[in-house]
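Position in the sequence shown counted from 1, then plus 12, gives you the numbering used here.
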Amino acid sequence: MSEQIDIITAINELLGDPEYWDQALPLPPRADHPPLTPAPTQPPRAPKVGTIIQRSDHVNRRKQEMLMTIPPPPPKRPRGRTTTADPSATGPSAAASSSADTSTTDVTTDTAAVRPVLLMPTGPLPPPPIPVQIEPGIIIDVPHFCVHVSRKYKARTPHGRWVLRFSRTGQLRYHRKIA
Numbered sequence: 013m014s015e016q017i018d019i020i021t022a023i024n025e026l027l028g029d030p031e032y033w034d035q036a037l038p039l040p041p042r043a044d045h046p047p048l049t050p051a052p053t054q055p056p057r058a059p060k061v062g063t064i065i066q067r068s069d070h071v072n073r074r075k076q077e078m079l080m081t082i083p084p085p086p087p088k089r090p091r092g093r094t095t096t097a098d099p100s101a102t103g104p105s106a107a108a109s110s111s112a113d114t115s116t117t118d119v120t121t122d123t124a125a126v127r128p129v130l131l132m133p134t135g136p137l138p139p140p141p142i143p144v145q146i147e148p149g150i151i152i153d154v155p156h157f158c159v160h161v162s163r164k165y166k167a168r169t170p171h172g173r174w175v176l177r178f179s180r181t182g183q184l185r186y187h188r189k190i191a
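Laid out in structure tokens, this is it:
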């Protein structure tokens, strides 16, 4: 126990000695630091005459004006091909307008003659769906693409929903009923 007291007194003597601390911790040299205030800057130049300061306001006002104006009507479509044919082949509207007086002609017959014929898709029709029997008595028509390309199909029937998967040859290889 006396050794602990000796150690403590030795520590107190070292801590109490100012010369010991001066040697152990010398003070750092003081350097003169410049002040932390930034250097004075020049004031910004005034904008030139005619400069638009808030560009977004100007652009937004132009956009609003453009959107608020009523768009012009679309251009008239061309009447289509003009062929020279006898009046009986052109249809009843042309025959009726030629035989009737121009003052009594309906406006609707003129607009009916201007309407273009609806275009039908060209090319071959898609292949018909393929009937697939999932279970006895349950037959589903599956699109050709699903059987031969994507090789999977989800079907809805009154009996439930089904997941179907097909082989490379188009044969049903997997089917499962979804709850």
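All C-beta atoms, glycine included, are put in the ideal place defined by N, C-alpha and C.
Three or more pairs of CB atoms, one per stretch, sit closer than 8 angstroms, so the region 128 to 142 contacts the region 153 to 171.
By the 16-neighbour rule on beta-carbons within 10 angstroms, Ala-58 is exposed.
Looking at the backbone, the Cα of Leu-130 and that of Gly-92 are separated by about 12 angstroms.
Pairing Arg-180 with Ser-162, the inter-Cα distance amounts to about 10 angstroms.
When DSSP states are grouped into helix, strand and coil, Ala-22 belongs to the helix group. Put simply, of Pro-148, Leu-79, Gly-149 and Leu-176 the residue whose alpha carbon is nearest the alpha carbon of His-160 is Leu-176. Rounded to whole angstroms, the separation of the alpha carbons of Arg-168 and Ile-142 is 15 angstroms. Classified as exposed, Val-71 has fewer than 16 neighbouring CB atoms from the shown chains inside 10 Å of its CB. By the Cβ neighbour-count rule, Val-61 is exposed, with fewer than 16 other Cβ atoms within 10 Å of its own. By the CB criterion at 8 angstroms, Ile-151 and Trp-174 fall outside the cutoff.
Sixteen is the threshold: when 16 or more other Cβ atoms of the shown chains lie within 10 Å of the Cβ of Tyr-165, as they do, the residue is buried. Among the bridge pairs identified by DSSP, Lys-189 is matched with Trp-174. Secondary structure of Gln-145 (DSSP, three-state): strand.
Beta-bridge pairing by DSSP links Leu-79 to no other residue.
Bridge pairing for Thr-169: Gly-172 [DSSP].
Taking a contact as a CB-CB distance under 8 angstroms, the pair Phe-178 and Arg-185 counts as one, their CB atoms being some 6 angstroms apart. Assignment of Leu-137 by DSSP, reduced to helix, strand and coil, places it in the coil class. The three-state reading of DSSP puts Asp-153 in strand, counting E and B together.
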